[in-house]
Structures are given as C-alpha cells and as structure tokens.
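Comments concern the structure below.
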Amino acid sequence: MTMDLENLTNQLNGLVVVGDRLRSFQACYSDVCVEENLLSEVKSHLENCRKTEEDLENERKGHAEELRQINQIMIIDTYKRFKDINQLEDILKTLRSERETKRARLTRQMDELRVAVNQANESIRAADISTVTLEESNDIPKELLEGHAKVVEHKFIAMPPHVQCARCEVAVKIRRGAERKASEVVSASMKR
C-alpha cells in the first residue's frame with residue numbers, strides 16, 4: 002500500500018505538473034492569439050496604407066496632368082498675348098510712320114502754299130493794288146498736324162473784296178485763285 006500511495010502521489014504530482022504546463026500553454030496560446038490579432042490589424046492597416054498610397058499616387062498623376070495642361074494653356078496664352086503685343090507694336094509703328102509721312106507731305110504743301118501766297122502778293126504789288134494783300138500763316142494748323150479730320154477754313158485776305166475799280170477786280174481774281182489753291186492743298190492733305 003505504501004507503494005500505491007507513492008504511485009498515487011507521483012501521479013498526482015504529475016497531474017499538477019501537467020496542469021501547470023497546461024495553464025502555461027493556455028497563457029501562451031492566448032498571448033499568441035493576441036499577437037495574431039495585432040498582426041492581422043497591422044496587416045489590415047498596411048493594406049489600407051497601400052490603398053491610400055495608390056489613391057494618392059493616382060491623384061498626384063491626375064494633378065500632374067492637370068498642371069501640364071494648365072501650363073500648356075498658359076504658354077499658348079502667353080504666346081498669343083506676346084504675338085498680339087507685337088502686332089499692336091507693328092500697327093503703332095505703321096501709324097506713326099504714316100503720320101510722319103502725312104506731316105511731311107502737309108509741310109511740303111504748306112510751303113507750296115506760302116510760295117503761292119508770296120507770288121500772289123507780288124502779283125498784287127505788280128498790279129499796283131495797295132489795298133489788298135494776302136496774309137501768310139507762319140504755322141501749319143495744329144489740327145492738321147495732330148491728325149484731326151477737322152477741316153479748318155483759312156482766309157488769306159486781310160480786307161473784304163470790294164469791286165470798285167479794275168485794279169480791285171484783278172485783286173479779287175488773284176485772291177480767289179489763292180483761296181482755291183489753299184483749299185486744294187488742305188483738301189488734298191486731308192484725303193491722304
């Protein structure tokens with residue numbers, strides 16, 4: 002019976018050891034389960050991160066394409082504006098050149114008119130008509146130089162025409178010829 006008791010004690014001790022080991026195993030198993038849950042959460046988080054990364058990369062590519070298109074449009078617009086500016090500068094240069102040409106032509110015609118007025122005055126003096134003289138304007142009319150399309154009436158007679166004698170008739174004819182020449186010069190310069 003001692004033997005049975007010893008045997009029973011040994012078996013009970015073995016059962017205690019097995020129970021301890023079983024509890025230790027269960028603790029390890031629950032730790033492994035917790036770690037496995039953490040691992041699956043980490044895997045899920047990594048998968049979400051990969052998806053987010055892919056979404057962000059696709060969005061970046063989309064924005065890059067939009068930026069490329071915007072830059073292309075801006076380059077085209079800048080080119081068009083630059084081209085428009087160049088065209089406007091060319092137009093301004095052309096207009097300035099035309100204005101200078103008209104100014105030179107008008108100056109030349111005014112010089113011709115002065116010569117005609119001087120000749121008319123000489124003819125008046127030669128005809129010995131002292132009561133009538135043609136005035137000479139020293140300046141080109143400002144309206145014509147500035148390019149205004151306003152016709153300004155110029156009078157070259159200092160006194161109104163009076164037909165009292167043959168000399169005055171000659172003076173009136175000379176005056177009318179000078180006025181006609183002046184009108185032609187002004188009209189021609191305005192047409193150009």
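In terms of my numbering, the sequence shown is numbered consecutively and its last residue is 193. Yeah, the Cβ is synthetic: ideal placement off N, Cα and C, and Gly gets one too. Note that the coordinates shown come from a computational prediction; the quantities given were computed from them, not determined experimentally.
Backbone secondary structure at residue i - three-state DSSP
i, result
"A28", "helix"
"A128", "coil"
"E180", "helix"
"H149", "Note that H149 scores 40 on pLDDT, short of 50, meaning its location in the model is unreliable and no value can be drawn from it."
"H163", "Below a pLDDT of 50, predicted positions are generally treated as unreliable, and H163, at 42, falls in that range; the measurement from the model is reported next regardless. Coil, per DSSP."
"E154", "Because the pLDDT of E154 is 38, which lies under 50, any placement of that residue in the model is unreliable, and the number read from its coordinates should be weighed accordingly. Coil at E154, not helix or strand."
"D140", "At D140, the pLDDT of 47 sits below 50, so the modelled position is not reliable and the matter cannot be decided from this model."
"N119", "helix"
Integer Cβ distance of residue i from residue j, believed to fall under 8 Å
i, j, result
"K182", "A117", "5 Å"
Closest residue to residue i among the options (Cα-Cα distance)
i, options, result
"A121", "E180, T102, I76", "E180"
"M111", "E185, S31, G20", "E185"
is_contact[residue i, chain D] using C-beta, thresh 8 Å
i, result
"E36", "Absent from the structure: chain D. Only one protein chain is present."
Runs of 3 residues minimum, wholly inside the segment 30-55: which ones carry the beta strand (DSSP E) assignment? Runs of the beta strand (DSSP E) lying entirely within the segment 30-55, each at least 3 residues long, are absent.
Secondary structure, beta strand (DSSP E): runs of 3+ residues fully inside the segment 65-96: None, since the segment 65-96 contains no complete beta strand (DSSP E) of that length.
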